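To convert, count from 1 in the sequence shown and add 7; that's the working numbering. Cβ atoms here follow ideal geometry from the backbone N, Cα and C, with glycine treated the same way. Quantities reported herein were computed from a predicted structural model and do not represent experimental measurements.
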Amino acid sequence: MAKHTYESVFSELKKGVFRPVYYFMGEESYYIDKLTDYIAENALSEEDKGFNQTIFYGLDTTVDTIVNAARSFPMMSERQVIIVKEAQLLKNIENLTPYLKHPQPTTVLVFAHKNGSLDKRKKIAAELERVGVVLEFKKVKDEHLPVFVNNYLRGKGLVADTKCVSLLCESVGSDLNRLV
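(1) Do G33 and E134 have their C-beta atoms within less than 8 Å of each other?
(2) What is the residue span of the beta strand (DSSP E) that A119 lies within?
(3) Compute the Euclidean distance between the alpha carbons of D55 and A47, then round it to the nearest angstrom.
(4) So, using beta-carbon positions, are F31 and H151 closer together than 8 Å?
(5) Can you tell which of R137, F80, L66, G65 has its C-alpha closest to the C-alpha of T104?
(6) Please list, in chain order, all residues of the same chain as L96 whose beta carbon is under 6 Å from its beta carbon, the five residues on each side excluded.
(7) By the DSSP assignment, the beta strand (DSSP E) with F17 in it spans what residues?
(8) Rounded to whole angstroms, what is the Cα-Cα separation between V141 and N49?
(9) Got a sec? Which residues, its chain only, sit under 7 Å from M82 by beta carbon, not counting five neighbours each side?
(10) According to the Cβ coordinates, are K145 and E53 closer than 8 Å?
(11) Would DSSP call F58 helix, strand or coil?
(12) With 16 as the cutoff for other CB atoms within 10 Å, does F118 come out buried or exposed?
(13) Per DSSP, E143 is paired with what?
(14) What is the rounded straight-line gap between the Cα of A167 and the Cα of N157?
(15) Quick one: using the 10 Å Cβ neighbour count with 16 as the cut-off for buried, is C176 buried or exposed?
(16) In terms of residues, what are the limits of the beta strand (DSSP E) holding K108?
(17) Tell whether a beta-carbon distance below 8 Å holds between Y37 and V74.
(18) Run the CB neighbour count on M8, radius 10 Å, all protein chains shown included, and call it buried at 16 or more, exposed below.
Here it is in structure tokens:
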């Protein structure tokens, strides 16, 4: 299976292709938020979101609750979306493994795990990779910030000179959410 990147996953999502499970993790929350928000905003029509989109928070829920919701069927829609924010606070994530062996094909399950990552040596990581998309986002190094800024501005139809970009990167630092 090809290695997933932010660009490849975003391109797939824009084409309306949704996988059964996404696990976004790492130190760089900007990309985690962008992908999670895109799925939340575009996987379902506005009419379907009321019945078929559920958001859980890792501290306030259990894996069993998430699995029960994921196993249910969507209501008058082709799919349901379940988003688990703050997934790093979820206890007993390994209990998700049985669900991953046979995920509900009408469920899009998204985990947003910030400020850390899942131990890739554990069985759960291999199962997540097998059925879905696992992406880890590391902090962007200072020397790569000008490229990020220029690409971001280009995407907005804007251009800035090199000194301006350097000054912006120096004063804001490597927090992409603040930089944007």
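Quick look at the numbers:
(1) Mapped onto the sequence shown, residue 33 falls at position 26. Mapped onto the sequence shown, residue 134 falls at position 127. The answer is no: Cβ separation not under 8 Å.
(2) Position 112 of the sequence shown, counted from the first residue, corresponds to residue 119. In the DSSP assignment, A119 falls within the unbroken beta strand (DSSP E) covering 114–121.
(3) The residue given as residue 55 occupies position 48 in the sequence shown. The residue given as residue 47 occupies position 40 in the sequence shown. Cα-Cα distance, rounded: 11 Å.
(4) Against the sequence shown, residue 31 aligns to sequence position 24. Against the sequence shown, residue 151 aligns to sequence position 144. Not a contact, by the Cβ cut-off of 8 Å.
(5) Stepping through the sequence shown from its first residue, residue 104 is reached at position 97. Measuring from the Cα of T104, the nearest candidate turns out to be R137.
(6) Here the question's residue 96 lines up with position 89 in the sequence shown. For L96, where only same-chain residues beyond five positions count, the Cβ hits under 6 Å are G65, L66.
(7) Taking the first residue of the sequence shown as 1, we reach residue 17 at position 10. F17 -> not in any beta strand (DSSP E); alpha helix (DSSP H) instead, spanning 13–21.
(8) Stepping through the sequence shown from its first residue, residue 141 is reached at position 134. Stepping through the sequence shown from its first residue, residue 49 is reached at position 42. A straight line joining the alpha-carbon of V141 with that of N49 spans about 20 Å.
(9) The count along the sequence shown starts at 1 and reaches residue 82 at position 75. Cβ within range, chain order: F58, N59.
(10) The count along the sequence shown starts at 1 and reaches residue 145 at position 138. The count along the sequence shown starts at 1 and reaches residue 53 at position 46. Using a Cβ distance threshold of 8 Å, K145 and E53 do not count as a contacting pair.
(11) As a first step, residue 58 must be located in the sequence shown, where it is residue number 51. F58: helix per DSSP, three-state reduction.
(12) Numbered from its first residue, the sequence shown carries residue 118 at position 111. With 16 or more other Cβ atoms inside 10 Å of its own Cβ, F118 counts as buried.
(13) Within the sequence shown, the letter at position 136 stands for residue 143. Under DSSP, the beta-bridge partners assigned to E143 are M32.
(14) As a first step, residue 167 is located in the sequence shown; it is residue number 160 there, counting from the start. As a first step, residue 157 is located in the sequence shown; it is residue number 150 there, counting from the start. Each residue's Cα considered, the two are about 7 Å apart.
(15) If you number the sequence shown from 1, residue 176 lands on position 169. Classification of C176: buried, given that the 10 Å Cβ count is 16 or more.
(16) As a working mapping, residue 108 is identified with position 101 in the sequence shown. Counting along the chain, K108 falls outside any beta strand (DSSP E), though it belongs to the alpha helix (DSSP H) covering 104–108.
(17) Residue numbering aside, residue 37 sits at position 30 when the sequence shown is read from its first letter. Residue numbering aside, residue 74 sits at position 67 when the sequence shown is read from its first letter. Not closer than 8 Å, so no.
(18) Translated into the one-based positions of the sequence shown, residue 8 becomes position 1. Only weak support is given to the placement of M8: the predicted model assigns it a pLDDT of 45, under 50, and the question is left unresolved by the model.
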